[in-house]
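Undergrad: Mind having a look at this structure? Questions to follow.
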Amino acid sequence: MEKTLERGMTGAVGPTRSAEALEREWVDASRRGDTVAFNRLVLAWESTVYNLALRMLQDPEEAAETTQDVFLRAYRGIHRFRGGARFSTWLYRIAANRCLSRLRRRPPGFDPSAVRCEPASPESQEAALLRAERARSVTRALRELGPDQRAVVELKIYQDRSFEEVAAILDAPLSTIKSRFYTSLEILRRRLGGSPP
Numbered sequence: 093m094e095k096t097l098e099r100g101m102t103g104a105v106g107p108t109r110s111a112e113a114l115e116r117e118w119v120d121a122s123r124r125g126d127t128v129a130f131n132r133l134v135l136a137w138e139s140t141v142y143n144l145a146l147r148m149l150q151d152p153e154e155a156a157e158t159t160q161d162v163f164l165r166a167y168r169g170i171h172r173f174r175g176g177a178r179f180s181t182w183l184y185r186i187a188a189n190r191c192l193s194r195l196r197r198r199p200p201g202f203d204p205s206a207v208r209c210e211p212a213s214p215e216s217q218e219a220a221l222l223r224a225e226r227a228r229s230v231t232r233a234l235r236e237l238g239p240d241q242r243a244v245v246e247l248k249i250y251q252d253r254s255f256e257e258v259a260a261i262l263d264a265p266l267s268t269i270k271s272r273f274y275t276s277l278e279i280l281r282r283r284l285g286g287s288p289p
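Per the numbering used here, the sequence shown starts with residue 93, numbered consecutively.
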């Protein structure tokens, strides 16, 4: 995110402001109705929100729709953001809630199309097949989790958030978040044959 934020400062005179200070300026300007500042926030956070939605929903099209919905809600509600928490925590909360809402509306047994995993570097066909099968196994194992458990795993493992941040994002007690996380890990270990995700 810091690189993305600093990219907006190209050509600025004087010392480079920190990414957090620049983000605060954009948030403050957005709260005053500055759409250019809000668009900068979107550019800085769009891929992060999309990746969270993609892993939780496991459907690229639905993740894209959810990402648009998240930023529309953030734009409409930015005046209510008071800065008591970090902007990222507030945005993650909106994103997690939108994903959870979609997951809860799904009918039992819903099976979204598998997420395609392209190898990052040239591999043998056998290695690529093994990677793809492993990715499908993890995806199937994640489907075994309830929406609340999946949200905790996504935020803790894939978004690298602390337990405290996850509790703030999901607006749940820290003990509940830890319980969901360790229960989820046990489910995933059993489903994946003893190896963690």
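Here a beta-carbon is modelled for each residue, glycine too, at the ideal position from N, C-alpha and C.
Just so it is clear, the structure is predicted and the values come from calculations on it, not from any experiment.
To which residues of the same chain is Leu234 closer than 8 Å at the C-beta, ignoring the five residues directly before and after it?
TA: Counting from 1 along the sequence shown, the entry for residue 234 is found at position 142. Excluding positions up to five away in sequence, the list reads Arg147, Gln150, Arg242, Val245, Leu280, Pro289.
Undergrad: Mind reading off the beta-carbon distance from Leu192 to Pro239? Whole number of angstroms is fine, and I expect it under 8 Å.
TA: The sequence position of residue 192 within the sequence shown is 100, counting from 1. The sequence position of residue 239 within the sequence shown is 147, counting from 1. Leu192 to Pro239, Cβ: 5 Å. Contact.
Undergrad: Measuring alpha carbon to alpha carbon, tell me which residue in Ser139, Glu115, Asn143, Val141 is nearest Phe130.
TA: Position 38 of the sequence shown holds residue 130. For the residues Ser139, Glu115, Asn143, Val141, the minimum Cα distance to Phe130 belongs to Glu115.
Undergrad: Whole-angstrom Cβ separation of Ile261 and Thr181, contact assumed at under 8 Å?
TA: For the purposes of this step, residue 261 is taken as residue 169 along the sequence shown, with counting starting at 1. For the purposes of this step, residue 181 is taken as residue 89 along the sequence shown, with counting starting at 1. The pair is a contact, with the Cβ atoms about 6 Å apart (cut-off 8 Å).
Undergrad: Using a 10 Å radius around the Cβ and a threshold of 16 neighbouring Cβ atoms, would you call Ser122 buried or exposed?
TA: For the purposes of this step, residue 122 is taken as the residue at position 30 of the sequence shown. When all chains shown are included, Ser122 counts as buried.
Undergrad: Helix, strand or coil: which one does DSSP assign to Glu236?
TA: Walking along the sequence shown from the start, residue 236 turns up at place 144. The answer is coil: DSSP assigns Glu236 none of H, G, I, E or B.
Undergrad: Under a three-way DSSP split, which group does Pro200 fall into?
TA: On the sequence shown, position 108 is the one that residue 200 refers to. DSSP places Pro200 in coil when its eight states are reduced to three.
Undergrad: Looking only at its chain, what residues have a beta carbon closer than 6 Å to the beta carbon of Leu133, apart from the 5 residues adjacent to it on each side?
TA: The residue labelled residue 133 in the question sits at position 41 within the sequence shown. Here the set comprises Trp118.
Undergrad: Please list, in chain order, all residues of the same chain as Arg253 whose beta carbon is under 6 Å from its beta carbon, the five residues on each side excluded.
TA: Position 161 of the sequence shown, counted from the first residue, corresponds to residue 253. Contacts found: Leu247.
Undergrad: Confirm, please, whether the CB-CB distance from Arg190 to Val230 is below 8 Å.
TA: What you label residue 230 is simply residue 138 of the sequence shown in a count that begins at 1. What you label residue 190 is simply residue 98 of the sequence shown in a count that begins at 1. The beta carbons of Val230 and Arg190 sit no closer together than 8 Å.
Undergrad: Quick check on DSSP: helix, strand or coil for Leu284?
TA: If you number the sequence shown from 1, residue 284 lands on position 192. In this structure, Leu284 counts as coil in the three-state DSSP scheme.
Undergrad: Take Thr275 and list the residues in its own chain whose beta-carbon comes closer than 6 Å to its own, dropping the five residues that flank it on each side.
TA: Here residue 275 refers to the residue found at position 183 when the sequence shown is read from its first residue. None.
Undergrad: Looking only at its chain, what residues have a beta carbon closer than 7 Å to the beta carbon of Gly285, apart from the 5 residues adjacent to it on each side?
TA: Numbered from its first residue, the sequence shown carries residue 285 at position 193. So the list is empty, once near-sequence residues are dropped.
Undergrad: Note down the Cα distance separating Ser267 from Val141, rounded to an integer number of angstroms.
TA: Counted from its first residue, the sequence shown places residue 267 at position 175. Counted from its first residue, the sequence shown places residue 141 at position 49. Answer to the nearest angstrom: the Cα atoms are 25 Å apart.
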